[in-house]
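Residue numbers (full-length UniProt numbering): 1 to 732.
Glycine residues also receive a C-beta, built at the ideal position from the N, C-alpha and C atoms.
Keep in mind it's a predicted model, so treat the numbers as computed, not measured.
Here is the structure we will look at, set down as structure tokens.
Set out below in structure tokens:
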């Protein structure tokens, strides 16, 4: 090719590139008008003419045709300006680079041919290319902070600061959506986004900085009275929070070298287009977590296009993938109380160090107990020594309470996340929901905070999907369904109740399903609580249709198992036509529990007080089915309760084998009562839970161990798994 023609082509290549760069900047500032596209299309037309005059450049003309098609989709608003132009720029740059090599004598176009072939296959027969928008909005960012900021802990501090800030933003957005008059909260949100923008920019993370910057701009317009708090603004705010959270998750994975999931940043820019009137809300995209409205064929086309980009050595500007990561906390919150705590008064300590401190305090409690119960100490007559021991005991108890208090956090940190999910589910299901949160300042142990969200979320999902009726089916009730989540302290335990005013559980339907699955034979012997207990069985569901919210018969059994792993229990109350209540009861802390110490021979066991309903030595006439001992029961308040002989479960030598002379500890397991038979009750005390060694991990019915005051090892029993270990006939 002649040098003159090469220079002509090189000159014409520069014009579209400059126009694209200028339009991208304008689109980034959200000022792009449709007429601006003319500045790109005219040079493209000229370049197309040049390619047409030289057959050897026809392959590059195909790439240019593809860019023109994309520009047409932008002009008709099928693609957002920023995302579409980013994609055009990527394709154009790839074509330009390859053309530059070609003009310099490198005529090997194998890689470029492969790219064009895959692009052609990807878009063959596709009527429009909005698939590009759906696919290219997925991105694996390459923003990485400098290594020295990672090593000195600055990056970790940034993650914690952003995580805390985003939770504050989310809570306040929810409040403003309920009461738009609270414009005073805008300043707080503006400051948080401004801080994230600045810090992320300083640390070399432009993607996070850009999203925060765009959000800050909108908040600034609201603050200055240039924009109102309308629904699409709230959607943008929520998408901003979601995008930033997911970018933080992705960034943390990059730094830690773990599996990296792409982030759908396109959802945020779509919402931004809607706010600025550059696009209409897409009814096919669920709010606020968008689902791709693509067919399988379109998704395949998108994947092929992206594969072509990758094989050509390039990545589209906004990136690509189909899976959106699940939201989760990367950095666990510290104290999220809403009091006027100053930042300079806060000291963040790794949770592992608190666990170590808690364990040491537990060891100290045990050591002091061993000392005070030593027979030698009982022989001491020096009052001063006894007084000092009493003083040491009080100090130890106070220290233990303080350490446990450090691990306590308000349950509101979990409830605030539920508020956001209820909002999303309400929009998705088309049901109007009024969520009432009570007891948000109730303090619970960090281990419960870390594990309680998933079961609570599943219970709330079921209340909304299966409990609350659609507005047209609520009869005399208010069309707005009520869901209440209430937390309160009950002694050394916490109770969380999730209630709704929906249609209630269908007891007959549940029983019918249980019989159908062979879970019960004699339905007359079942109490209401026992019937409701079936919904926590694996795979149990009475839903007539499966939705993407619930109804598959999975989840409720996981709820029960999670609560039990926290040494808690769950109960169900329901009234037809009035609603359902799930009641969760758990200890305030999972490291120290209140326990009932019992004896079987020379062995000591601890029954968690939360699991104990009562203790009784039965009258002889109340014992049933003792002969042959295949089935043993005792009568309690008109109810026949199975007996579990603890010494037989663990093959021990007891002091008492006659139930009429033994003590029966009545416990509740999955809605059923059982009498655990022991030799005697010793005392009630607080127990410091110690993990068991490998030898005991497979021992069913035991959840932990402890050192008692007399130096003996006591095993902490788990009544639920204990009675499951014993093959007890359910029918009376």
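Anyone know if the C-beta pair for residue i and residue j falls short of 7 Å?
i, j, result
"residue 586", "residue 613", "no"
"residue 581", "residue 504", "no"
"residue 597", "residue 606", "yes"
"residue 735", "residue 365", "Nothing in the structure corresponds to residue 735, since the chain is present only between 1 and 732."
"residue 200", "residue 235", "no"
"residue 619", "residue 625", "no"
"residue 442", "residue 514", "no"
"residue 646", "residue 676", "yes"
"residue 463", "residue 506", "no"
"residue 743", "residue 682", "It is not possible to answer for residue 743, since the shown part of the chain is limited to 1 through 732."
"residue 219", "residue 166", "no"
"residue 450", "residue 480", "no"
"residue 719", "residue 559", "no"
"residue 407", "residue 465", "no"
"residue 274", "residue 233", "no"
"residue 617", "residue 663", "yes"
"residue 237", "residue 216", "no"
"residue 483", "residue 418", "no"
Taking the beta strand (DSSP E) that residue i falls in, what are its first and last residues?
i, result
"residue 391", "Per DSSP, residue 391 belongs to no beta strand (DSSP E); it is in the alpha helix (DSSP H), 383–406."
"residue 532", "From DSSP, residue 532 is part of no beta strand (DSSP E) but of the alpha helix (DSSP H) over 528–532."
"residue 593", "592–600"
"residue 674", "672–678"
"residue 707", "702–707"
"residue 484", "481–490"
Taking the alpha carbon of residue i as the reference point, which residue from the options has its own alpha carbon closest?
i, options, result
"residue 247", "271, 237 and 211", "211"
"residue 425", "252, 517, 458 and 101", "458"
"residue 516", "501, 492, 541 and 497", "541"
"residue 573", "218, 467 and 429", "467"
"residue 601", "519, 559, 654 and 588", "654"
"residue 213", "454, 231 and 189", "189"
"residue 684", "163, 563, 661 and 615", "615"
"residue 230", "191, 206 and 183", "183"
"residue 652", "608, 603, 659 and 640", "603"
"residue 403", "422, 427 and 349", "349"
"residue 608", "569, 637, 638 and 622", "569"
"residue 395", "594, 361 and 473", "361"
"residue 148", "204, 390 and 170", "204"
Determine the DSSP secondary structure at residue i, reduced to helix, strand or coil.
i, result
"residue 615", "strand"
"residue 225", "coil"
"residue 251", "helix"
"residue 471", "helix"
"residue 63", "helix"
"residue 637", "coil"
"residue 587", "strand"
"residue 343", "Because residue 343 carries a pLDDT of 34, less than 50, the predicted location of this residue cannot be relied on, and the following value inherits that uncertainty. Three-state DSSP puts residue 343 in a helix."
"residue 620", "helix"
"residue 642", "strand"
"residue 54", "coil"
"residue 214", "helix"
"residue 663", "strand"
"residue 728", "For residue 728, the pLDDT reaches just 39, beneath the cut-off of 50, and the residue's location in the model is therefore unreliable, although a value from the coordinates is still provided. DSSP places residue 728 in coil when its eight states are reduced to three."
Starting from the C-beta of residue i, find all residues in its chain whose C-beta is less than 6 Å away, skip the five residues before and the five after it, and write them out in chain order.
i, result
"residue 674", "642, 644, 667 and 723"
"residue 721", "700 and 701"
"residue 535", "556"
"residue 447", "590"
"residue 715", "605, 702 and 705"
"residue 576", "504"
"residue 29", "Residue placement at residue 29 is flagged as unreliable, the pLDDT there being 44, under the threshold of 50; the coordinate-derived value follows with that caveat. Cβ within range, chain order: n/a, list empty."
"residue 538", "557"
Along the alpha helix (DSSP H) that carries residue i, what are the first and last residues, could you check?
i, result
"residue 423", "412–429"
"residue 608", "From DSSP, residue 608 is part of no alpha helix (DSSP H) but of the beta strand (DSSP E) over 603–608."
"residue 507", "507–516"
"residue 493", "Taken as a continuous stretch (DSSP letters only), residue 493 belongs to no alpha helix (DSSP H), being part of the beta strand (DSSP E) at 493–500."
"residue 182", "Neither: residue 182 is in no alpha helix (DSSP H) and is coded neither H nor E."
Apart from the five residues just before and just after residue i, which ones in its own chain have a Cβ nearer than 7 Å to its Cβ?
i, result
"residue 440", "410, 411, 412 and 415"
"residue 254", "144 and 260"
"residue 672", "530"
"residue 734", "Nothing about residue 734 can be reported from this structure: the residues present for the chain run from 1 to 732 only."
"residue 564", "720"
"residue 61", "48, 51 and 52"
"residue 477", "501"
"residue 186", "219, 222 and 223"
Within its chain, find whatever has a CB closer than 8 Å to the CB of residue i; leave out the 5 residues flanking it on each side and keep chain order.
i, result
"residue 295", "Model confidence at residue 295 stands at a pLDDT of 37, short of 50, so the residue's coordinates are unreliable; what they give is reported in the following sentence. If we look at residue 295 and ignore the five residues flanking it on each side, it has no Cβ neighbours."
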